[in-house]
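Undergrad: Going down the list, the sequences are from chains A and B. Taken in order, the first sequence gives residues 18 to 379; the numbers are from the working numbering. Taken in order, the second sequence gives residues 209 to 577; the numbers are from the working numbering.
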Amino acid sequence: MTGYIVRRVGVAVILLWVLSVITFAIYLTVPQDPAGFLVDIQHASPAQIAHAHHLLGTDRPALVQYGKYMGRLVHGDFGISWATISFFGGSAQGSPVGRLVWQASLVTGSLVLGGFVLLLLIAVPLGTFVATRPRSFVDRLSLGLSVAAISTHPLVVGLLLQLFVGNRWKLMPASGYCTISRPSDAAVKAFQQFGVTGAPPPCGGLGQWAWHLVLPWITFALFFVALYTRIIRARMLEVLEEPWVRTARAKGASEFRVVRSHALRNAIAPVVTMTAMDAGTAIGIAMYIETVFGLPGLGRTMIRALAGLQGYDLPVILAVTLVAAAAIIVLNLLADIVLLAIDPTVARRGRGGLSRLVGRSA
Amino acid sequence: MGRVRSGARAELTASVGIVDDGVDVNAPRAQGQWALAWRRFKRDRVAVGCAVFLLLLVFAVGPGAPLYGKLVGHGPNDFFPYAVSVGLRPAGPFTVTYATHEVAGDDPYALKHPPPPKGTGKTLLLLGADSSLGRDEFMRVLYGGRVSLEVAAGAAVVAILLGMLLGALAGYFGGWVDAVISRFTDLVMAFPLLLFLVMIGSLFSYGLTRWTFHGALNQGVFQLIVIIGAFTWFYPARIVRAQIQSLRNREFVEAAQMVGARDTRIVRTHLLPHVVPPLLAYGTLLVATNIMIEVGVTFLGAGIKLPTASWGSLLAQTWGSILNPNPYNPATTQPWLTLCPSIAIFLTVFALNQFGEGLREATDPRSVR
């Protein structure tokens, strides 16, 4: 078992390294002149452009750049966002990419985690309920709905929810994000004094945070709920046939108790690990939802960096890609280990490499 | 089955009336796998309905769109300012508007457009105007559907071909070929797909966007086909690899090897035909997924560029773009501008999914129907 875990961790580390090489290769081949972030390329002299390259470090050989990049990466330093960079007295000033990406992953994290909680809150009771009444009206209805749900684009759901619930009926906030911590008094005061007309006031706190995330969570959950309901139903139908369930019934346990304590407990464990395996899909879906609802998460951060006016903000783009890929790899690894703890035969069966990552595409 | 072609034998069997070509005529005729599949498919009413819908759709976005354009007399990129109110609210469905690109009069404070000069023709906007530019929403949905379907089907073909090639190599030769291809597959599948599509779509958008094959495709379509195809071939590759691995050691392959058939011939004529039915079904599902991907990538600003319509850009029309989302203003938007492309996307993806599912069940020899 330890050997299995060590091997899996080794594979994950190699995968991460290869990913860093690939992202860096993209970084080197992108057709743009990064000097544009420091000087006006059309009017600057060649010496000024060369100096800008020197300051950004993009004039060195590729291998040296990669070495420096990896050296900083190992220390958790992603560099400084090119869109905000400037040089005073020879040292680079600007927002560090690490902090940007950390804040963005908090947003994406709240979206994805909350979405999965909401999803399980719907799918587990529903899947259990239809499993106890197979081929009933509710069962067929849930099947039909799930077929429709699989064919619905999350963008469509998000845009329609935003348009009708948020904008036309004004039941919920249509866009924007509130931090989970309260805004500082200084920020509120600054808004009252210098607030731009039309800009939203700084908001925060648990209630506001959840209230602004309701529509994104619903959009997220609707994408997955059909699939999870079907899987829980199938697992439950399987488990309900098991001998221990029959034993529990024979001993006179109530049907509710049989379903809850004997069947559901066994049916649900693989489902929880499945959520980790859907992390890749979830990040893709989160990208749509962040864009529609204006949440400053990972996906939106990257798209803004891609669409910037001065050029592509490559340090941000690379950091987001690496962090997202790392999250997916680590979550899959955790899922494998948890699965192993539940079912020790997995290691002996030896799932080759990363075959768990075979999921659905987003 | 060796068919006896000798005339005497045929005469003899015909006179006896029991055996014909060595087969009992009273027994049901053996049917090919495609005939069987067709019989099974016909019984699935939902799948047949979806197939009919898809045929109609392909006709509508293919030859139907220019025909309709001839009928109403304008194209998808013509704008009609009379279909937009002075307050910039686009007209609703079933609007008949003046077929002119200019508004008469130059009073900036007018509450209504002044009527155009006498003799100006009229034209029909079936689903109304698409935005403050006043283009024909229905035609844009048709032409956008053409672009989206081209991208989706083209990328599916690319993915299936690539997947078939690499899957067959990995499955047939095994060993280090299999190891290399499988590890590569694992690696690329660990990528967050959409993130990479958007990144590569916008970072490398210079060379391939201009490939239109003499106007056969719109700008940007070929690039999206290549990118999406290059990131979705793993699933077909895995299907092919698994199937060929399970068939590789069967007797008919051994027999072919024994009579001296080359590897390419064995793979092509003995193994790949077994893979075609599941791949066809999977390809249909892949087209559905690719439509979703095209819509998403274009919405996120990395796909088809305006003014070319695609379902993704139509969906983004009222919403705006990532750098300047349109603030919601009930005076200048109409909900059906979001609803029209939404319904088109939903119906198409739904039909493709159901059709693919029906195809999969019909071509599966273990199917009970």
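Ideal placement from N, C-alpha and C gives every residue a C-beta, glycine not left out.
From what residue to what residue does the alpha helix (DSSP H) around A/Ala52 run?
TA: Within the first sequence, numbered from 1, the residue matching residue 52 of chain A stands at position 35. Counting along the chain, A/Ala52 falls outside any alpha helix (DSSP H), and DSSP gives it neither H nor E.
Undergrad: Check whether chain B comes within 9 Å of A/Gly74, counting only Cβ atoms and requiring the distance to be less than that.
TA: Taking the first residue of the first sequence as position 1, residue 74 of chain A is located at position 57. It does not: the Cβ of A/Gly74 has no partner Cβ on chain B nearer than 9 Å.
Undergrad: Using 9 Å as the limit for Cβ to Cβ distance, is A/Leu380 near chain B?
TA: Outside the shown range of chain A, which is 18 to 379, sits residue 380 of chain A, and nothing can be said about it.
Undergrad: Considering A/Thr101, what are the terminal residues of the alpha helix (DSSP H) in which it resides?
TA: Locating residue 101 of chain A in the first sequence gives position 84, where the first residue counts as 1. Element bounds for A/Thr101: n/a, residue is neither H nor E.
Undergrad: What does the alpha-carbon distance come out to for the pair A/Gly367 and B/Arg470?
TA: Reading the first sequence from its first residue, position 350 is the one you call residue 367 of chain A. Reading the second sequence from its first residue, position 262 is the one you call residue 470 of chain B. Only weak support is given to the placement of A/Gly367: the predicted model assigns it a pLDDT of 44, under 50, and the value that follows is read from those uncertain coordinates. Roughly 34 Å separates the two Cα atoms.
Undergrad: Can you list, in chain order, the residues of its chain whose CB lies under 6 Å from that of B/Pro549, leaving out five sequence neighbours each side?
TA: The count along the second sequence starts at 1 and reaches residue 549 of chain B at position 341. Closer than 6 Å at the Cβ level, and outside the excluded window around B/Pro549, lie Trp519, Leu522, Leu523.
Undergrad: Any C-beta of chain B sitting closer than 9 Å to the C-beta of A/Pro218?
TA: If you number the first sequence from 1, residue 218 of chain A lands on position 201. Chain B, which has no Cβ nearer than 9 Å to the Cβ of A/Pro218, makes this no.
Undergrad: Would you mind stating whether B/Gly188 and B/Ala364 have Cβ atoms separated by less than 9 Å?
TA: No information on residue 188 of chain B is available, as it lies outside the stretch 209 to 577 that chain B covers here.
Undergrad: Measuring only the C-alpha atoms, how far is A/Thr19 from B/Gly409?
TA: As a first step, residue 19 of chain A is located in the first sequence; it is residue number 2 there, counting from the start. As a first step, residue 409 of chain B is located in the second sequence; it is residue number 201 there, counting from the start. Looking at the two C-alpha atoms, the distance is approximately 42 Å.
Undergrad: Tell me which residues share the same chain as B/Gly272 and place their Cβ nearer than 8 Å to its Cβ, disregarding the 5 neighbours each side in the sequence.
TA: In the second sequence, residue 272 of chain B corresponds to position 64, counting from 1. Closer than 8 Å at Cβ, skipping near neighbours: Leu350.
Undergrad: How many Å lie between B/Gly516 and A/Arg282 at the Cα?
TA: Here the question's residue 516 of chain B lines up with position 308 in the second sequence. Here the question's residue 282 of chain A lines up with position 265 in the first sequence. The displayed chain sequence assigns Thr, not Gly, to residue 516 of chain B. If you take the alpha carbons of B/Thr516 and A/Arg282, they lie about 53 Å apart.
Undergrad: Quick one: Cα of B/Lys356 to Cα of A/Asn184, how far?
TA: As a position in the second sequence, residue 356 of chain B is number 148, starting the count at 1. As a position in the first sequence, residue 184 of chain A is number 167, starting the count at 1. Note on residue identity: the sequence assigns Ser, not Lys, to residue 356 of chain B. Their Cα atoms are separated by approximately 28 Å.
Undergrad: Check A/Ala280 in the structure and name its three-state DSSP category.
TA: Within the first sequence, residue 280 of chain A is the residue found at index 263, counting from 1. The answer is helix: DSSP assigns A/Ala280 an H, G or I state.
Undergrad: Taking Cβ-Cβ distances shorter than 7 Å, what residues in chain B pair up with A/Asn184?
TA: Working through the first sequence from its first residue, we reach residue 184 of chain A at position 167. What A/Asn184 touches in chain B: Tyr536.
Undergrad: Taking buried to mean at least 16 other C-beta atoms within 10 Å of its own C-beta, is B/Ser339 buried or exposed?
TA: Indexing the second sequence from 1 puts residue 339 of chain B at position 131. Buried: at least 16 other Cβ atoms inside 10 Å.
Undergrad: According to a CB-to-CB cut-off of less than 7 Å, which residues of the segment 62-96 of chain A neighbour chain B?
TA: Hits within the stretch: zero.
Undergrad: Could you spell out the range, first to last residue, of the alpha helix (DSSP H) harbouring A/Gln327?
TA: Against the first sequence, residue 327 of chain A aligns to sequence position 310. Run containing A/Gln327: none; DSSP gives neither H nor E here.
Undergrad: Which stretch, first to last residue, makes up the alpha helix (DSSP H) that contains A/Val205?
TA: Residue numbering aside, residue 205 of chain A sits at position 188 when the first sequence is read from its first letter. Per DSSP, A/Val205 belongs to the alpha helix (DSSP H) from 202-211.
Undergrad: Between the alpha carbons of A/Ile43 and B/Pro289, how many angstroms are there, rounded?
TA: On the first sequence, position 26 is the one that residue 43 of chain A refers to. On the second sequence, position 81 is the one that residue 289 of chain B refers to. Roughly 45 Å between the two C-alpha positions.
Undergrad: If you measure between the beta carbons of A/Thr40 and A/Thr338, is that distance less than 9 Å?
TA: Taking the first sequence and counting its residues from 1, the one referred to as residue 40 of chain A is at position 23. Taking the first sequence and counting its residues from 1, the one referred to as residue 338 of chain A is at position 321. A contact, by the Cβ cut-off of 9 Å.
Undergrad: State whether the segment 163-174 of chain A contacts the segment 533-544 of chain B, with contact taken as three or more CB pairs (one from each stretch) at a distance under 8 Å.
TA: No: fewer than three Cβ pairs fall under 8 Å.
Undergrad: Taking only beta-carbon positions, decide if B/Gly504 is within less than 9 Å of chain A.
TA: As a position in the second sequence, residue 504 of chain B is number 296, starting the count at 1. B/Gly504 counts as touching chain A.
Undergrad: Since A/Ala191 meets chain B, which of its residues come closer than 8 Å, beta carbon to beta carbon?
TA: Here residue 191 of chain A corresponds to residue number 174 of the first sequence, with the count starting at 1. Correct list: Tyr536.
Undergrad: What does B/Val406 touch in chain A if you count any residue whose Cβ is under 9 Å from its own?
TA: Here residue 406 of chain B is taken as the residue at index 198 of the second sequence, counted from 1. Within 9 Å Cβ-Cβ: Met304, Gly316, Met319, Ile320, Leu323.
Undergrad: Give me the chain A residues within the contact set of B/Met500, using Cβ-Cβ distance strictly less than 7 Å, ordered along the chain.
TA: Taking the first residue of the second sequence as 1, we reach residue 500 of chain B at position 292. Within 7 Å Cβ-Cβ: His170.
Undergrad: Does DSSP put B/Gly405 in a helix, a strand or coil?
TA: Position 197 of the second sequence, counted from the start, is the residue given in the question as residue 405 of chain B. Sequence inspection shows Leu at residue 405 of chain B; the Gly mentioned does not correspond to that position. Helix.
Undergrad: Take B/Ala445 as the anchor and find which of B/Asp286, B/Leu335, B/Leu369, B/Arg251 has the nearest alpha-carbon.
TA: Stepping through the second sequence from its first residue, residue 445 of chain B is reached at position 237. Comparing Cα-Cα distances from B/Ala445 to each of B/Asp286, B/Leu335, B/Leu369, B/Arg251, the minimum goes to B/Leu369.
Undergrad: Under 9 Å between the Cβ atoms of A/Gly88 and A/Pro113?
TA: Along the first sequence, one-based indexing puts residue 88 of chain A at 71. Along the first sequence, one-based indexing puts residue 113 of chain A at 96. In this structure, A/Pro113 does not lie closer than 9 Å to A/Gly88 by Cβ.
Undergrad: Counting only Cβ pairs nearer than 8 Å, list the residues of chain B close to A/Val47.
TA: As a position in the first sequence, residue 47 of chain A is number 30, starting the count at 1. What A/Val47 touches in chain B: Leu411, Phe412.
Undergrad: Can you check the segment 209-278 of chain A for any alpha helix (DSSP H) of at least 4 residues that lies completely inside it and give the ranges in chain order?
TA: Runs of the alpha helix (DSSP H) inside the segment 209-278 of chain A: 223-257, 260-267.
Undergrad: With 9 Å set as the bound, which would you pick, yes or no: does the beta-carbon of A/Gly311 sit closer than that to a beta-carbon of chain B?
TA: Against the first sequence, residue 311 of chain A aligns to sequence position 294. With 9 Å as the cut-off, A/Gly311 counts as an interface residue toward chain B.
Undergrad: Compare the beta carbon distance of A/Trp234 and A/Gly132 with 9 Å and say whether it is the shorter of the two.
TA: Translated into the one-based positions of the first sequence, residue 234 of chain A becomes position 217. Translated into the one-based positions of the first sequence, residue 132 of chain A becomes position 115. Result yes, Cβ atoms of A/Trp234 and A/Gly132 sit closer than 9 Å.
Undergrad: Determine the chain A residues that contact B/Phe507 at a beta-carbon separation under 8 Å, and present them in chain order.
TA: Stepping through the second sequence from its first residue, residue 507 of chain B is reached at position 299. The contacting residues are Leu172, Tyr305, Thr308.
Undergrad: Taking 8 Å as the cut-off, does the segment 351-360 of chain A touch the segment 286-299 of chain A (at least 3 CB pairs, one atom from each stretch)?
TA: Flag = yes, the segment 286-299 of chain A and the segment 351-360 of chain A touch.
Undergrad: Are the segment 304-314 of chain A and the segment 72-84 of chain A touching by the rule of at least three beta carbon pairs closer than 8 Å?
TA: Segments in contact, no.
Undergrad: Whose C-beta lies closer than 6 Å to the C-beta of B/Ala361 among residues of the same chain, with five residues either side of it excluded?
TA: As a working note, residue 361 of chain B is residue 153 in the second sequence. These residues qualify, in order along the chain: Val495.
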